[in-house]
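Before any comments, here is the structure.
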Amino acid sequence: MLRNACSRREIARENGDRFICHTRAAMHMPYCGAPKFPVPQFTAPASTELAPGGVPNVAGGGRRHDEMSTGIGLSSGVSFDGASDVGLTVQRLVEMASNTKEKIYHANGRFTRPDSTFRNFVSNQPGAQFPAEAGRYALYVSPGCPWAHRTLIVRLLKGLESIIDVYQVHMTMGPEGWYFSGEGDSLPEDPLHGFKTLRELYLKADPNYSGRYTVPVLWDKKADVLVNNESSEIIRMFYSEFDHLLPEPLREVNRPGDGLYPEALRSEIDELNDWVYNTVNNGVYKSGFAKSQESYNENVHALFQSLDRLEAKLQAHGKRFLLGDHITEVDVRLYTTLARFDVAYFTVFMCNLKSIRHDYPALHLWLRRLYWDQDVDGALRAAFYRTTQPYISQYALGYAHSRRKIVLGDATPLVVPAGPAVLMEPLEGR
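Numbering (UniProt numbering), first residue to last: 1 to 430.
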């Protein structure tokens, strides 16, 4: 069963699967050598249109690329290398490059994030096209990407480590975008296909694909197809479709506050998500990737107005989380931006009217409480710490790379800010 996640209020209750975090030493997993199955037929919902190759292209209400995720930066995914492999002419590649650039920048140097493209859903309902099964799905991520970071956090919050596999690419992008390097926690190659780049994976999913090659990617290993590359939809699948595979304490119905997307708070969650995405999650990119003073001024001031609003909200109710005493989806979505704020966006993206640590005491406390919770058996399962601490020192490098690629040009020397000296201040003492 397919669902269009443009509907923010309801996520299909449809599937379950197994995640195993794969590092260089742990590349082999169930289904890696499974026989290939025919690609299921796709029927587009009324609110979608089919892009070339039968790929659903959500129109209108689909989230911008926050949910498809550019990762640390953007990759046009256009390269003349290997063009013959997918039957593309040089002329076609030039057109792809031109079209991609037009999608990213609009009038007055404004950065605009394109919509996600692959919008299928995993479901736990009988007869689902993408059924929730342990070991069936793989999540391709870079830990530097805030959109992919969301999915890693929710995977740990839900205890899906043994249900959904994780394949990690390099921390920063190369000339062709995200790639496997074998360095650090990156795998040396795609365990399923032997690919070296994410570009190859997208072109396997659709040889006519002309969008960007981004993370996260949710891949069906059994059908050998790309299911979804929209982070907001993937995280909802993780906490709505896999509960039947989890022990009782980890199921949404048994979580304090009725889960990450509780029925009673859904309208408030959706409304907050909307303006936080536009002005904060994506606002840092619209500021840092601006190519005009007008666009930068407009977006950087909107960003800090929203941070002021969030600070006031936390101070007003005095609770631990954004919507009260229990963690919800909005905390996860804001966290991945604020964890990068002082160490990367403040310096590299010139989001420097204020800092979180010095000018937003309530937000700073909220951030540190999430980060420093290292109790793997507690309610947060150390999900924020485990997915942030190993990589926070590399965030500035990643964003320096992406800003050079998108704004300054590859010929510009790479300069990475030296500070701040303390990447995340301790919970006690402030």
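Glycine residues also receive a C-beta, built at the ideal position from the N, C-alpha and C atoms.
Euclidean distance between Cα positions of residue i and residue j
i           : j    : result
I314        : F321 : Per the sequence shown, residue 314 should be read as Leu rather than Ile. Roughly 8 Å between the two C-alpha positions.
P413        : Y179 : 22 Å
Y261        : D270 : 10 Å
I163        : R266 : 27 Å
E200        : D243 : 32 Å
L323        : Y239 : 18 Å
L365        : P126 : 44 Å
N124        : L226 : 18 Å
V416        : K196 : 26 Å
W219        : I327 : 28 Å
I392        : R340 : 7 Å
G53         : L192 : In this prediction, G53 has a pLDDT of 32, which is less than 50 and means its spatial position is unreliable; what the coordinates show is noted afterwards. Each residue's Cα considered, the two are about 22 Å apart.
K204        : N297 : 41 Å
E230        : T214 : 10 Å
Y137        : L380 : 23 Å
S306        : S142 : 27 Å
N108        : P361 : 35 Å
F384        : D185 : 17 Å
Q129        : K221 : 13 Å
residue 501 : A312 : Absent from the structure is residue 501, since the part of the chain shown begins at 1 and ends at 430.
G16         : L246 : Because the pLDDT of G16 is 35, which lies under 50, any placement of that residue in the model is unreliable, and the question is left without a value.
S295        : G211 : 24 Å
Y167        : K158 : 18 Å
A411        : E133 : 47 Å
L408        : H358 : 30 Å
T347        : A223 : 44 Å
Secondary structure of residue i, DSSP reduced to three states
i           : result
Y167        : strand
V141        : strand
P207        : coil
W275        : helix
T197        : strand
W178        : coil
P361        : helix
F121        : coil
N409        : Residue identity differs from the one stated: residue 409 is Gly in this sequence, not Asn. Note: G409 maps to coil in three-state DSSP.
T43         : Here T43 scores only 35 on pLDDT, less than 50, and its place in the model should not be relied on; the value that follows carries that caveat. Correct three-state label for T43: coil.
F384        : helix
R110        : strand
F238        : helix
G398        : helix
residue 475 : Given a span of 1 to 430 for the chain in the structure shown, any question on residue 475 remains unanswerable.
G324        : strand
R212        : coil
R369        : helix
N290        : Per the sequence shown, the amino acid found at residue 290 is Ala instead of Asn. Residue state, collapsed to three classes: coil.
E233        : helix
R404        : helix
R251        : coil
G257        : helix
Y285        : helix
A97         : Any answer about A97 is weak, because its pLDDT of 45 lies below 50 and its placement is not dependable; what the coordinates show is given next. The answer is helix: DSSP assigns A97 an H, G or I state.
Y391        : coil
V280        : helix
E102        : Any reading at E102 must be qualified, since the residue scores a pLDDT of 46, below 50, and its modelled position is unreliable; the value itself is stated next. Correct three-state label for E102: helix.
Residue i CB to nearest heavy atom of the ligand SAH below 8 Å
i    : result
Q394 : Absent from the structure shown: the ligand SAH. Ligands present: none.
Inter-residue CB distance, residue i and residue j (contact presumed, cutoff 8 Å)
i    : j    : result
G144 : Y395 : 6 Å
N278 : V330 : 14 Å between Cβ atoms; not a contact.
L363 : L338 : 7 Å
L427 : T172 : Actually they are not in contact, since the Cβ atoms of L427 and T172 sit about 29 Å apart, beyond 8 Å.
L156 : T387 : 7 Å
D325 : G257 : 7 Å
V122 : E241 : 5 Å
P216 : L139 : 6 Å
L334 : V284 : That belief does not hold up - the Cβ atoms of L334 and V284 are roughly 12 Å apart, past 8 Å.
Extent of the continuous beta strand (DSSP E) run through residue i
i    : result
V332 : Taken as a continuous stretch (DSSP letters only), V332 belongs to no beta strand (DSSP E), being part of the alpha helix (DSSP H) at E329 to R340.
N228 : V225 to N228
Residue interval of the alpha helix (DSSP H) (run including residue i)
i    : result
L303 : Q293 to H317
V217 : No alpha helix (DSSP H) contains V217, which is instead part of the beta strand (DSSP E) from V217 to D220.
F346 : First-last for F346: undefined, no H or E at that position.
H149 : P146 to L157
### Query
Okay, do the region 224–240 and the region 144–163 touch, 3+ Cβ pairs below 8 Å being the bar?
The count of Cβ pairs closer than 8 Å, one atom from the region 224–240 and one from the region 144–163, reaches three, so the stretches are in contact.
### Query
Looking at C-beta atoms only, is the number of pairs between the region 414–423 and the region 362–374 that lie closer than 8 Å three or more?
no
### Query
How about the region 288–297 and the region 349–362: do they share at least three Cβ pairs that are nearer than 8 Å?
yes
### Query
Just checking, does the region 395–405 make contact with the region 354–365 on the three C-beta pairs under 8 Å criterion?
no
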